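Right, one structure below, let's go through it.
Residue numbers (the working numbering): 926 to 1206.
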């Protein structure tokens, strides 16, 4: 007898009965542990089959948990970003360093990544508005320069950031913005590339986007963006990477987007409200 025959034999026993003078269908549900409310009786599931099912589920669950957590231990060559080769579009880096000198991150490790992090942070500092004020500029150079090249770097930057340049871009002689305006000069690293590396010396390219100009209703130097690459040659001084030389060139420059240009007041507020980064990468 098939399962369908069992089902039919139970239904036909009292298929119809008279209830209240009207013939109505009454279905007798099967009784017992194997009852199925959708009709028919199920045969008892064998204990061995139930046990196998439970064991199978447990095995699959354990395997799923092990797969999900495999990045927490074991082979970290491909899953741990600290050990894997960086992908072109992926952010890379370890936790930020703790030390600071004049507000600039210091104490980078003697590794390729440490050199890249140092170069990115030094690019931010050397591309800041503080470079237009002599006292601030000397503090920045003092913090990032190698002792062997500090005087040469300081002299070169003093020549480049002259009072004449400040006047040309609309600043006072000491690099201050005129009343009613806000001076913007901010460098934001977009990526780094090691040109050469040894434990004692390295050369790193830092691809950057810069913001530069004066906000204000009467400003003739509106804030603009530009793309450039800074090359920093660094030396290991026994405890940190420090700058030996710097150079800069234009680009690579992406196609300008179709964003609506913001007004001068909105840009000024953004510069005041959005602080620049003191640690990059």
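Cβ atoms here follow ideal geometry from the backbone N, Cα and C, with glycine treated the same way. Just so it is clear, the structure is predicted and the values come from calculations on it, not from any experiment.
N-terminal and C-terminal residue of the alpha helix (DSSP H) that residue i is part of
{"i": "residue 1054", "result": "Premise fails: residue 1054 is in no alpha helix (DSSP H) and is neither H nor E."}
{"i": "residue 1023", "result": "Run containing residue 1023: none; DSSP gives neither H nor E here."}
For residue j and residue i, the rounded distance between their alpha carbons
{"i": "residue 1162", "j": "residue 1084", "result": "26 Å"}
{"i": "residue 1153", "j": "residue 1133", "result": "5 Å"}
{"i": "residue 1056", "j": "residue 1032", "result": "22 Å"}
{"i": "residue 1071", "j": "residue 1065", "result": "12 Å"}
{"i": "residue 1179", "j": "residue 1150", "result": "11 Å"}
{"i": "residue 1105", "j": "residue 1203", "result": "27 Å"}
{"i": "residue 1100", "j": "residue 1146", "result": "15 Å"}
{"i": "residue 1041", "j": "residue 1021", "result": "12 Å"}
{"i": "residue 1119", "j": "residue 1157", "result": "10 Å"}
{"i": "residue 1129", "j": "residue 1086", "result": "23 Å"}
{"i": "residue 1166", "j": "residue 1067", "result": "13 Å"}
{"i": "residue 1024", "j": "residue 1075", "result": "20 Å"}
{"i": "residue 1136", "j": "residue 1164", "result": "32 Å"}
{"i": "residue 1182", "j": "residue 1127", "result": "35 Å"}
{"i": "residue 1173", "j": "residue 1059", "result": "21 Å"}
{"i": "residue 1096", "j": "residue 1073", "result": "32 Å"}
{"i": "residue 1090", "j": "residue 1081", "result": "14 Å"}
{"i": "residue 1184", "j": "residue 1168", "result": "37 Å"}
Supposed contact pair residue j and residue i - C-beta distance, whole angstroms, cut 8 Å
{"i": "residue 1171", "j": "residue 1051", "result": "7 Å"}
{"i": "residue 1038", "j": "residue 1063", "result": "Between residue 1063 and residue 1038 the Cβ distance is about 29 Å, and since that is not below 8 Å, they are no contact."}
{"i": "residue 1102", "j": "residue 1088", "result": "Going by Cβ atoms, the distance from residue 1102 to residue 1088 rounds to 15 Å, so no, they are not a contact pair."}
{"i": "residue 1142", "j": "residue 1187", "result": "Actually they do not touch by this definition, with Cβ atoms about 14 Å apart."}
{"i": "residue 1107", "j": "residue 1193", "result": "4 Å"}
Nearest residue (CA-CA) to residue i, options the options
{"i": "residue 1035", "options": "1125, 1129, 1044", "result": "1125"}
{"i": "residue 1196", "options": "1184, 1061, 1111, 1165", "result": "1111"}
{"i": "residue 1201", "options": "1022, 1024, 1023, 1048", "result": "1048"}
{"i": "residue 1131", "options": "1022, 1045, 1028, 1203", "result": "1045"}
{"i": "residue 1113", "options": "1053, 1187, 1074", "result": "1053"}
{"i": "residue 1061", "options": "1029, 1092, 1043", "result": "1029"}
{"i": "residue 1109", "options": "1164, 1169, 1144, 1174", "result": "1144"}
{"i": "residue 1122", "options": "1159, 1059, 1191, 1185", "result": "1159"}
{"i": "residue 1027", "options": "1059, 1058, 1069, 1043", "result": "1069"}
{"i": "residue 1175", "options": "1182, 1155, 1183, 1191", "result": "1155"}
{"i": "residue 1093", "options": "1117, 1182, 1138, 1185", "result": "1138"}
{"i": "residue 1148", "options": "1191, 1169, 1073, 1199", "result": "1191"}
For residue i, the first and last residue of its enclosing beta strand (DSSP E)
{"i": "residue 1036", "result": "Here residue 1036 belongs to no beta strand (DSSP E), and DSSP marks it neither H nor E."}
TODO: Starting from the N-terminal side, write out each stretch of the alpha helix (DSSP H) that is 4 residues or longer and does not extend beyond the stretch 1164–1201.
DONE: 1189–1198
Open item on the list: Suppose only complete runs of 4+ residues qualify. What are the alpha helix (DSSP H) ranges in the stretch 1074–1155, listed by chain order?
Closed with: 1075–1085, 1088–1093
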